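> Following this message is one structure expressed as structure tokens.
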Amino acid sequence: MKKVLIIFRGGSGAEIIRGISSELSRAGANVEIVERDSLTENMFRNAQLAIVVGGDGTFLSAARKNKLTPMFCINPSPESSEGFFARAGPKDAAEKVKRILNGKFDLVNLERLSVTIDGKGLPPALNEVYVGSEKAYRPFRYELILGKRKEFQLSSGVLVSTPAGSHAWARSAGGTVLPLSSSKIQYIVREPYSGKIFKARMVRGFSDRVSIIPKDNIYRCVAVLDGMAEFEIKNSDRVLIKRFAHPLKFITF
């Protein structure tokens with residue numbers, strides 16, 4: 115293994131990083147350690163493995179910049195940090211890294227979401243995309259397009275989720291929980307309003323392509339990737355969400 119990236123946030127997991135770095139170096143790997151906020155897409159070039167030492171937020175942030183490199187997650191603080199993607203903790207981090215070096219692991223392809231705003235591409239999302247008002251208590255007016263079907267709606271926003279994301283925000287919003295190996299993309303309309311003008315029927319389901327076009331909004335609207343990366347959208351912008359061409363290569367056991 116020629117190059118391995120170790121990605122961390124702040125001062126978390128220093129002892130784990132020292133231990134796995136030594137293990138990787140003994141195996142002949144060139145180890146590059148980088149803080150999450152300094153990570154760039156170019157750093158993944160020629161890397162055979164990326165190890166995230168952190169919780170789900172650090173893993174999701176790194177995944178948006180990674181196109182092809184297999185990723186493994188170690189949660190240094192399982193007692194205080196969510197670690198849905200973590201497959202190791204402080205006690206077994208070194209052992210799991212040895213297993214990876216020996217080829218004793220499974221690789222699962224996690225579906226991701228491709229997002230464009232009027233044709234301009236955004237980073238891929240691993241969990242979900244939220245499209246709606248910047249402040250969710252403000253109503254969001256838009257046209258929802260699913261294939262040949264379309265509907266004008268008023269709601270608290272739309273979630274489009276991957277199978278991985280179905281275990282997170284989408285689950286809390288009433289979505290269907292899917293196995294990680296699934297390829298389904300689901301959409302969930304949050305708190306749809308129905309009255310004399312608005313009668314939402316397309317409120318939940320599965321679709322390979324979801325288009326959302328904001329209409330007549332007076333408040334700022336956004337597209338948010340994985341609850342972290344926020345991009346402004348304006349009235350008449352077309353937000354197109356579909357399956358990303360490159361699933362994330364996720365290391366598990």
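Take any residue in the sequence shown, count from 1 to its spot, add 114: that is its number in our numbering.
We treat Cβ as the ideally placed atom computed from N, Cα and C, and that holds for glycine.
Every value quoted in this text rests on a predicted model; they were computed, and no experiment measured them.
State the beta-bridge partners of methionine 185 as determined by DSSP.
Ala164, Phe364
> Measuring alpha carbon to alpha carbon, tell me which residue in Leu224, Leu292, Lys205, Ile259 is nearest alanine 239.
Leu224
> By the three-class DSSP mapping on this structure, what secondary structure does lysine 356 have?
Lysine 356 falls in the strand class under three-state DSSP.
> In angstroms with no decimal places, state the Cα-to-Cα distance between alanine 177 and leucine 339.
11 Å
> What are the start and end residues of the beta strand (DSSP E) that includes aspartate 220?
Bounds of the beta strand (DSSP E) holding aspartate 220 are 220 to 224.
> Drop a sphere of 10 angstroms on the beta-carbon of lysine 218, count the other beta-carbons inside from all chains shown, and report buried for 16 or more, exposed for fewer.
exposed
> By the three-class DSSP mapping on this structure, what secondary structure does lysine 210 have?
helix
> Are at least three pairs of beta-carbons, each pair with one atom in the region 291 to 303 and one in the region 267 to 278, less than 8 Å apart?
yes
> Counting only the same chain and skipping the five closest in sequence on each side, list residues whose C-beta sits under 7 Å from that of arginine 352.
Within the same chain, arginine 352 has close Cβ partners Asp232, Ser325, Ile327.
> Enumerate, from N- to C-terminal direction, the unbroken alpha helix (DSSP H) stretches of 4 or more residues contained entirely within the region 268 to 353.
283 to 286
> Would you identify the three-state DSSP class for glycine 133, choosing helix, strand or coil?
helix
> Exposed or buried, which one is glutamate 129 when buried takes at least 16 other CB atoms within 10 Å?
Exposed, because fewer than 16 other Cβ atoms sit within 10 Å of the Cβ of glutamate 129.
> With distances taken between CB atoms, is the gap from lysine 249 to leucine 258 smaller than 8 Å?
Going by C-beta atoms, lysine 249 is not nearer than 8 Å to leucine 258.
> Using only the alpha-carbon positions, how far apart do arginine 285 and arginine 304 sit?
In a straight line, the C-alpha of arginine 285 is about 12 Å away from that of arginine 304.
> Could you pull the start and end residues of the alpha helix (DSSP H) that glycine 171 belongs to?
Where glycine 171 is concerned, the enclosing alpha helix (DSSP H) starts and stops at 170 to 177.
> Let's see if you can read the secondary structure: which residues bound the beta strand (DSSP E) around lysine 117?
117 to 122
> Serine 152 to isoleucine 131, Cα distance in whole Å?
Rounded to the nearest angstrom, the two C-alpha atoms are 17 Å apart.
> Among the residues of its own chain, which have a CB less than 8 Å from the CB of arginine 226, if the five just before and after it don't count?
Ala177, Pro238, Ala239, Leu240, Thr276, Arg357, Phe358, His360, Pro361, Leu362
> Using a threshold of 8 Å, state whether the C-beta atoms of phenylalanine 345 and leucine 174 are closer than that.
No, the pair does not count as a contact, with Cβ atoms beyond the cut-off.
> Give me whichever residues DSSP pairs with asparagine 144 in a beta bridge.
Lys117
> Assuming phenylalanine 254 contacts asparagine 349 (C-beta within less than 8 Å), just tell me the rounded distance between them.
The Cβ separation is near 11 Å, so there is no contact.
> Whose CA, out of Lys234, Ser228, Gly169, Leu119, lies closest to the CA of glutamate 242?
For the set Lys234, Ser228, Gly169, Leu119, the Cα lying nearest the Cα of glutamate 242 is the one of Ser228.
> Kindly indicate which three-state DSSP category alanine 239 falls into: helix, strand or coil?
In this structure, alanine 239 counts as strand in the three-state DSSP scheme.
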